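A quick write-up on the structure given underneath.
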């Protein structure tokens, strides 16, 4: 076929311009920012190159709080949401009636505005002088005292954040796992049944290995997504996350960039790069573990 | 070996077990359905309770006998919800339209045209998918600020246009169209651009619709970038608008009016979802993640 | 283990919403499978033979009727309690487990008193693997095996727990032609060695004929005929069975019985009477003649005249391909001894193609069926 060098690049030009300006250049620039000490965004000057920005960020109590919050969020939400999604998908896969209705309902949170629904969660969990809120009403039924989940103790706020995060990430996980489970051929189950395999053993010895690539994909993206948590926290606790002790690493980056602390792209860059070093490390560990346990057909 | 006398018990047990497993399954699914749907119900319910009724309920009621639409009136009059709404529509339409043009052109070049460096360029494109938006947003913020595009639609839209994933998705679909069609069109003297618009786009309409819907959802829900780049209320989108309402609108405690606003901004996407749920779920299953 | 089916029927609700009637996949099966035999369940695709197999293994429960293994009524017993071994059409080997783990899988399910130690299981697995001659492949994954090897692993897995009954669903359909021949002998050998009652399902009549002790021919959920392969071939009960068995297929003609004579068009084959000597009423009939039932007419003799199209010489036999307006097949195939080669070739040369060829027939290779019902009309040739 004739080569259309010029023409082809012309077709690609818009994409290249956009991606170059807003994806490639910024990626390089963020590293540069992170090493420029004392950068002033108004005058665009800096007075040295070094690791000071990293050192500043790592000694900032707000950042350390954000790291702690993020790690707690990751440790709780990834296993819980993946496990719950697995359970629900297995349930979905075993029924015929109402299956499509359930599937559609379960996917609903995916298309809703995180900020808007977060507001609903806030009023469900919030304790005000006028009302203890619905959640406390339910807790009261079990004889547990009212807790303010939004402005109250740290564990309560963390609980709501984890709960809401799980609620938000479930649709994607259920969707992926349901289609993975549906792709396991019925013959395998029939064979196992004829051989007298118990349900539990069928699940652990056949189903799990067969869907392990999807499951593993979800675990990796789950880790990455949870490390990048931010909007959920804003939705529940408002924009001043530092004051609420509920900031996340991404939230810290944005706050550094703009808002109450007012424009420190160098600190923001350093924090962002620290975050993605963590994410990269964890992803690599995940990949190493998966070599042993994931079966790719 | 089981003796014949045991058979009846085994059969009975098996029947009982499969029935109880079924019950537990449906119960589990129903519980999760309630967890998913309840916030939506509560949102709707609260939005039609009057402010005074809501405030007087120390124990919240699960129903209301006197629904009112006053909150919806308030949502549009007390706070500039209509403006947020309109801004978001403009932002969504413009971004999605530009994304479509850029994506279609690039996907066409990668799928149909032959040029030097194509494989390398495509590999680099795919590598771009791995770049987290949180990293590049810092420089983009500085760039847009330097260009004095803060609080403008240009500043909102430009960095949101391209998505490597959609280019990839569409290229894969374009590449499935048999070459013969292209040669036939060439013989008939059809230009590349005409072939693209008259043949490839119609054939790949389902994929194009899917990426359009996914992009619309992404735009409608985007929060981080609008929050960074706008601090004038005139350019707020629904996400940071709702945050503004929460923190400064309605005198803070008018929850029913807030819920009315939440319903208003949630409804468009829910309608789109109910119409296109098959397409959306299929598109997301093919590799989309929350935008 | 003897298997008895008593009036077993399986109905499925119709998928077509306009038609309320149920689909009857298995209709009133009533027969006995003797202990230790190899049974071929034979029929065209969609005839309900896989449903029948699933009823036997317990993946489906019959709508009506009862199934007995020996004296035990297993009609509604779940699959896991029946003690059957099954080989699936696509083998259903677990792709993430090695051959050894696959074969051991059924043993690991045993509970209570039957529970085995790991060593015992490995020994059993090795024994089963030896039986099907794959003991050298124990550490491989299924994806590293050829189709034939996968098949053997599947059989080993089904046999390892010493099942009462072995069921095979289209065991040869995923193999290429050469392997198919080899594997079917293999199945025969394994069945003989283990003596386990074995039922296999196939749509390939040659496969069923070659290794079964008994075949069950079915069509549209109804059993057409049961018997030893050669008996069924020689003595088909109806036109369907006659047409379904045999390659090349039986030649079917529109004919008639007229004044004690059997006629195809203007040609009279021979005079006939009912077995008890009574006259058979004049009527239009369908006549089936096996390809090996033709004898080349000597000189100008021969009852039937066909127009010759081709001659295929293949070592032992000659296939004469010809045509006749009353033949339902596209072409008539007659297999005659290669001793007739010179005569046939002379025929070809003398008058070129589309010339006449004349045959006599062997009466025991001729079957008459009622045109109306397709049922066999028995006769004796005079």
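Chains as they are written, first to last, in this note's numbering: chain A, 12 to 308; chain B, 24 to 314; chain C, 878 to 1259.
Note that the Cβ used here is the ideal one computed from N, Cα and C, for glycine as well.
Computed from a predicted model, the values in this text were never measured in an experiment.
*Given that residue 44 of chain B touches chain F, what residues does it touch there, using C-beta distances under 9 Å?*
In the structure shown, chain F cannot be found, because the protein chains are A, B and C.
*Check distances from the C-beta atoms of the region 80-92 of chain B to those of chain A and list, in chain order, the residues that come in under 7 Å.*
Per Cβ criterion, the list reads 80, 81, 82 and 83.
*When the Cβ atoms of the region 1123-1135 of chain C are set against those of the region 1199-1211 of chain C, are three or more pairs found closer than 8 Å?*
A contact exists between the region 1123-1135 of chain C and the region 1199-1211 of chain C.
*Thinking residue 1036 of chain C and residue 1043 of chain C are a contact (beta carbons under 8 Å), I'd like their distance in whole angstroms, please.*
Between residue 1043 of chain C and residue 1036 of chain C the Cβ distance is about 7 Å, and since that is below 8 Å, they are a contact.
*First and last residue of the beta strand (DSSP E) that includes residue 1015 of chain C?*
Element bounds for residue 1015 of chain C: n/a, residue is neither H nor E.
*Answer with yes or no whether the minimum CB distance from residue 249 of chain A to chain B is below 8 Å.*
Against chain B, the CB of residue 249 of chain A has a partner CB under 8 Å away; the residue lies at that interface.
*Verify whether the separation of the beta carbon atoms of residue 44 of chain B and residue 954 of chain C is less than 8 Å.*
One thing to note: residue 44 of chain B has its Cβ no nearer than 8 Å to the Cβ of residue 954 of chain C.
*Skipping 5 residues on each side, what residues in its chain have a beta carbon closer than 7 Å to that of residue 1060 of chain C?*
So the qualifying residues of the chain are 1025, 1028, 1049 and 1052.
*Can you tell me where the beta strand (DSSP E) with residue 1099 of chain C in it begins and where it stops?*
DSSP places residue 1099 of chain C in the uninterrupted beta strand (DSSP E) bounded by 1099-1104.
*When you check each C-beta in the region 223-257 of chain B against every C-beta of chain A, which residues fall closer than 8 Å?*
Those residues of the region 223-257 of chain B placed with their C-beta closer than 8 Å to a C-beta in chain A are 240, 243, 244, 246, 247, 250 and 251, ordered along the chain.
_Between residue 131 of chain B and chain A, is any beta-carbon pair separated by less than 8 Å?_
For residue 131 of chain B, the answer is yes, since a Cβ of chain A falls inside 8 Å of its Cβ.
_Bridge partners - residue 887 of chain C, DSSP secondary structure assignment_ = Residue 887 of chain C is bridged to C:903.
_Burial state of residue 275 of chain A (16 or more Cβ within 10 Å)_ = Classification for residue 275 of chain A: buried.
_Within a Cβ cutoff of 6 Å, which residues of the same chain sit near residue 100 of chain A, ignoring the five residues on either side of it in sequence?_
Correct list, in chain order: 185, 188, 189 and 192.
*Mapping DSSP to helix, strand and coil, what is residue 915 of chain C?*
DSSP places residue 915 of chain C in strand when its eight states are reduced to three.
*Roughly how many whole angstroms lie between the Cα atoms of residue 362 of chain B and residue 309 of chain B?*
No statement about residue 362 of chain B is possible, as the shown extent of chain B runs from 24 to 314 and does not include it.
*Can you list, in chain order, the residues of the region 929-962 of chain C whose Cβ is nearer than 9 Å to any Cβ on chain A?*
Result list: 931, 934, 935, 936, 955, 956, 957, 958, 959, 960, 961 and 962.
*asked:* Which residue marks the beginning of the alpha helix (DSSP H) containing residue 229 of chain A, and which one marks its end?
replied: From DSSP, the alpha helix (DSSP H) with residue 229 of chain A extends over 219-238.
*asked:* Could you give the first and the last residue of the continuous alpha helix (DSSP H) run that contains residue 1046 of chain C?
replied: Taken as a continuous stretch (DSSP letters only), residue 1046 of chain C belongs to no alpha helix (DSSP H), being part of the beta strand (DSSP E) at 1042-1046.
*Given that residue 217 of chain A touches chain C, what residues does it touch there, using C-beta distances under 8 Å?*
By Cβ distance, chain C contributes 971.
*Which listed residue (C:906, C:882 and C:920) has its alpha carbon closest to that of residue 1085 of chain C*: When only C-alpha atoms are compared, the closest one is C:920.
*Going straight from the alpha carbon of residue 29 of chain A to that of residue 77 of chain B, what length do you get?*
Cα-Cα distance, rounded: 49 Å.
*Taking all protein chains shown into account, do 16 or more other C-beta atoms lie within 10 angstroms of the C-beta of residue 271 of chain A, making it buried, or fewer, making it exposed?*
Note that residue 271 of chain A scores a pLDDT of 49, beneath 50, so its modelled location is shaky and nothing firm can be said.
*For residue 961 of chain C: DSSP bridge partner residues*: When beta bridges are read from the DSSP output, residue 961 of chain C appears opposite C:1042.
*Looking at the unbroken beta strand (DSSP E) that takes in residue 1144 of chain C, where does it start and where does it end?*
For residue 1144 of chain C, the uninterrupted beta strand (DSSP E) segment begins and ends at 1144-1150.
*From the DSSP output, in three-state form, read off residue 1076 of chain C for me.*
Three-state result, residue 1076 of chain C: strand.
*Could I get the ranges of all uninterrupted alpha helix (DSSP H) runs contained in the region 31-104 of chain B, with 4 residues as the minimum, in chain order?*
Listed in chain order, they are 74-79 and 93-100.
_Give me the chain C residues within the contact set of residue 20 of chain B, using Cβ-Cβ distance strictly less than 9 Å, ordered along the chain._
The displayed coordinates of chain B run from 24 to 314. Any statement about residue 20 of chain B would go beyond what the structure contains.
*Under the assumption that residue 65 of chain A contacts residue 285 of chain A (Cβ atoms under 8 Å), give the Cβ distance between them as a whole number of angstroms.*
Indeed they touch by this definition, with Cβ atoms about 7 Å apart.
*With a CB to CB cut of under 8 Å and the five nearest residues on each side skipped, what residues in its chain are close to residue 913 of chain C?*
The answer, listed in chain order, is 1072, 1073 and 1074.
*Would you mind telling me which residues of chain B sit closer than 8 Å to residue 239 of chain A, beta carbon to beta carbon, in chain order?*
Against chain B, the beta carbon of residue 239 of chain A has neighbours under 8 Å at 155 and 157, listed in chain order.
*chain B within 8 Å of residue 307 of chain A, Cβ atoms only*: The beta carbon of residue 307 of chain A sits no closer than 8 Å to any beta carbon of chain B.
*What's the call for residue 295 of chain A, buried or exposed, on a 16-neighbour Cβ count within 10 Å?*
Burial call: exposed.
*Closer than 8 Å to chain A by CB, residue 1077 of chain C*: False, the Cβ-Cβ gap to chain A never drops below 8 Å.
_C-alpha gap between residue 213 of chain A and residue 244 of chain A, whole angstroms_ = Looking at the backbone, the Cα of residue 213 of chain A and that of residue 244 of chain A are separated by about 39 Å.
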